[in-house]
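A short write-up of the structure that comes next.
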Amino acid sequence: MSRARAAIILAAGHGTRMKSSLSKVLHPVGGRPMMAWTIALAKSLGCEKIIVVVGSHNPDAKLVAEASLGPGTTALQDPPLGTAHGVNAAKDALKGFEGDAIVLYADTPLIRTETAAQVFDSLEQGYAVSVLGFEAADPGAYGRLILNAAGDLDAIVEAKEASPEQLAVRLCNSGVLAAPAPLLLELLSEVRNDNAKGEYYLTDVVALARARGLRATAVPGTEDEVLGVNSRVELAQAEAQFQARKRHEAMVAGVTLTAPDTVYFAHDTEIANDVTIEPHVVFGPKVVVETGAIIRAFSHLEDCVIRKGALIGPYARIRPGSDIGENAHIGNFVETKKAKIGAGAKANHLTYLGDVTVGAKTNIGAGTVTCNYDGFDKYHTEIGANAFIGSDTMLVAPVTIGEGAMTGSGSTITKDVPPGALGLERADQRNLDGWATKFRARKAAAKALKSKGEGA
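So the sequence shown is numbered by numbering that gives the first Met the number 0: it starts at 0 and just counts up by one.
Written as structure tokens, this is what we have:
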């Protein structure tokens, strides 16, 4: 890359087909807002200047953009009057910038860096305008990219204005376009709105450049990459495309997915090789899984680390702040949150571990609960290594269970248990001889008397 790069991200559409109070471009794909995908793409391309064009109707988009890029990185398009009008809204931010500029879309989250890089690269090969195209399975209403005999891009023709010969063309316009920034601003000033919608179309830039004798080109992409999201249906399609891509990448990297179509990843899921993931597992954002771990069926993980060789699930929920140690076991119907579980520790059944540190090789019995919340504040529980927590133990935080200590089943532990000690808190058991027999007889007699009275 020898020339400076800038990106204009169009995010001012109303998105009425989403039928949502949330700005369209903030709906997530892979747990990440669509606009954040496009901003990340621009950054990965090495763009030193990124301008997000928003509307007055979506202030939430402006806030998210400037949280990522800093103040003064948005431009206002109000009202939205077409794509060229949107790009032109960024002209003040581009004044004095002599590098190349690319136009991207905040509702098109799946474009790969290497694909968009080719759009920039073609400018350095002598083309004045570069457009990202794709072969459509069903071109339908897409604009067609018309190439000349030399293979250069001659024009972009909208479907409703195309001849039958042009409609037969399957190479379609994605909307992504790049040109040297000074030239792009010049061409935008010549775009007119003499069309049925009265809007200013970015596609006119190609014809205007060709009229000056400048060359344009079409860079091939894939249809799944350039999918634009305008409705909940298309949002689901984008999610499906992302998941298919992520699953493929995981398996190629050495991860076993026993039922790939049932596993759902986030945009930043990190999984090492030789991990096995069983059916119906969901990864929220910020999950790291180290080699050799097994994630069993119907588990849900978010913002956590699963260390080497750990076993999770089935039916486990690993919540934010959890760090599950090497070869540790978190079993069925166990939930962790802000829990650091030591190497080889086990909580195999029906347990809540929140705000807790569990030492290596400690065993947590079924039904154990760390009682960490008093309605106002959270408190920490510390459990040492090689401890044994009996089934149905309530650990009322803040409390410490020492190394090698034990708790008796059914205990409510409110005081620290020293290392090697047994913590036991429950009422003494009494056995009342014959009581159950007498109870049943009394109940049976009462039932018989009641039935006799009702039959009278």
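Quick reminder that beta carbons are idealized off the backbone N, C-alpha and C, glycines included. Keep in mind it's a predicted model, so treat the numbers as computed, not measured.
### Query
What residues are listed by DSSP as bridge partners for Lys339?
In DSSP, Lys339 forms a bridge with Asp322 and Thr356.
### Query
Over what stretch of residues does the alpha helix (DSSP H) that includes Ile38 continue unbroken?
Under the DSSP assignment, Ile38 falls in the alpha helix (DSSP H) whose first and last residues are Met33 to Ser43.
### Message
Rounded to whole angstroms, what is the Cα-Cα separation between Thr392 and Pro27?
### Response
Each residue's alpha carbon lies about 40 Å from the other.
### Task
Out of Met34, Ala116, Ala11 and Thr72, point me to the one whose CA is closest to Gly45's CA.
If we check each option's Cα against that of Gly45, Ala116 comes out closest.
### Local Cβ density within 10 Å of Gln240, reported as buried at 16 or more and exposed below that
Buried: at least 16 other Cβ atoms inside 10 Å.
### Query
At which residue ranges does the segment 245-317 contain complete alpha helix (DSSP H) runs of 4 or more residues, listed in the order of the chain?
Complete alpha helix (DSSP H) runs here, min 4: none at all.
### Burial state of Val251 (16 or more Cβ within 10 Å)
For Val251, the number of other beta carbons within 10 angstroms of its own is below 16, and it is reported as exposed.
### Supposed contact pair Ile101 and Val175 - C-beta distance, whole angstroms, cut 8 Å
Taking a contact as a CB-CB distance under 8 Å, the pair Val175 and Ile101 counts as one, their CB atoms being some 7 Å apart.
### Query
If you check the beta carbons only, do Val118 and Arg143 fall under 7 Å apart?
Remark: C-beta atoms of Val118 and Arg143 do not approach each other more closely than 7 Å.
### Where Val395 falls: helix, strand or coil (DSSP)
Judged by DSSP in its simplified three-state form, Val395 adopts strand.
### 3 or more residues per run - each beta strand (DSSP E) lying fully within the segment 94-156
Listed in chain order, the complete beta strand (DSSP E) runs (minimum 3 residues) inside the segment 94-156 are 99-104, 128-134, 143-146 and 152-156.
### Message
Which residue wins for smallest C-alpha separation from Asn57, given the options His266, Lys48 and Ser22?
### Response
If we check each option's Cα against that of Asn57, Ser22 comes out closest.
### Message
Going by beta-carbon coordinates alone, are Leu131 and Ser188 separated by less than 7 Å?
### Response
Contact: no.
### Query
Between which two residues does the beta strand (DSSP E) containing Arg209 stretch?
Under the DSSP assignment, Arg209 falls outside any beta strand (DSSP E), being part of the alpha helix (DSSP H) whose first and last residues are Asp203 to Ala210.
### Query
If you run the structure through DSSP and keep just helix, strand and coil, what is Arg439?
The answer is helix: DSSP assigns Arg439 an H, G or I state.
### Query
Assuming Val288 contacts Ile270 under a Cβ cut-off of 8 Å, what Cβ separation, rounded to an integer in Å, is found between them?
Confirmed, Cβ separation roughly 5 Å.
### Query
So is the beta-carbon of Ala265 under 6 Å away from any non-hydrogen atom of the ligand COA?
The ligand COA is absent from the structure shown, which contains no ligand whatsoever.
### Cutoff 8 Å; reference Gly409; Cβ partners in own chain excluding five residues on either side
Within the same chain, Gly409 has close Cβ partners Gly389, Ser390, Asp391, Thr392 and Arg425.
### Task
Pick helix, strand or coil for Leu75, following the three-state DSSP scheme.
In the structure shown, Leu75 adopts extended strand secondary structure according to DSSP, grouped into three states.
### Query
With contact counted as at least three CB pairs below 8 Å, one residue from each stretch, are the segment 319-335 and the segment 297-306 in contact?
Enough Cβ pairs lie closer than 8 Å, so yes.
### Query
So, is Arg295 buried or exposed, given that buried needs 16 or more other C-beta atoms within 10 angstroms?
By the neighbour-count rule (16 or more Cβ atoms within 10 Å), Arg295 is buried.
### Task
Please look up how many angstroms separate the CB atoms of Asn456 and Ala396, rounded, as I've assumed it's under 8 Å.
The structure shown does not extend to residue 456, since the chain is modelled only from 0 through 455, so no value can be given for it.
### Task
Check Thr15 in the structure and name its three-state DSSP category.
DSSP places Thr15 in helix when its eight states are reduced to three.
### Query
Alpha carbon to alpha carbon, what distance is there between Ala292 and Asp267?
Answer to the nearest angstrom: the Cα atoms are 18 Å apart.
### Query
Can you tell which of Asn272, Ala215, Ala249 and His279 has the C-alpha that lies nearest to the C-alpha of Ala258?
Nearest of Asn272, Ala215, Ala249 and His279 to Ala258, Cα basis: His279.
#### Entry: According to DSSP, residues forming a beta bridge with Cys370
Under DSSP, Cys370 forms a beta bridge with Val395.
### Query
Is Glu224 helix, strand or coil by DSSP?
Here Glu224 sits in coil by DSSP.
### Query
Between Pro79 and Ala11, which are expected to be in contact by the criterion C-beta below 8 Å, what is the C-beta distance as a whole number of angstroms?
The pair is a contact, with the Cβ atoms about 5 Å apart (cut-off 8 Å).
#### Entry: Pairwise C-alpha distance: Thr413 and Glu334
Distance from the CA atom of Glu334 to the CA atom of Thr413, rounded to whole angstroms, is 21 Å.
### Query
If you count every other CB in all the chains shown that lies within 10 Å of the CB of Glu160, and 16 or more means buried, which is it?
Counting the other CB atoms within 10 Å of its CB gives Glu160 a total below 16, which places it among the exposed residues.
### Query
When DSSP builds the beta bridges, which residues end up paired with Asn331?
For Asn331, which the question treats as bridged, DSSP gives the partners His348.
### Task
Following the continuous beta strand (DSSP E) through Asn172, name the residue where it begins and the one where it ends.
From DSSP, the beta strand (DSSP E) with Asn172 extends over Leu170 to Pro179.
### Query
Is DSSP giving Thr82 helix, strand or coil here?
Looking at Thr82 - three-state DSSP - the assignment turns out to be helix.
### Query
Relative to the C-alpha of Leu182, which residue among Ile276, Asp77, Lys94 and Lys42 is closest?
Among Ile276, Asp77, Lys94 and Lys42, the Cα nearest to that of Leu182 belongs to Lys94.
### Query
Exposed or buried, what is Pro163 when buried is set at 16 or more other beta-carbons lying within 10 Å of its beta-carbon?
Classification of Pro163: exposed, given that the 10 Å Cβ count is below 16.
### Chain-order list of residues whose beta-carbon lies under 8 Å from that of Val86 (same chain, five-residue window excluded)
Closer than 8 Å at Cβ, skipping near neighbours: Ile7, Leu9, Val52, Val102, Leu183, Leu187 and Leu201.
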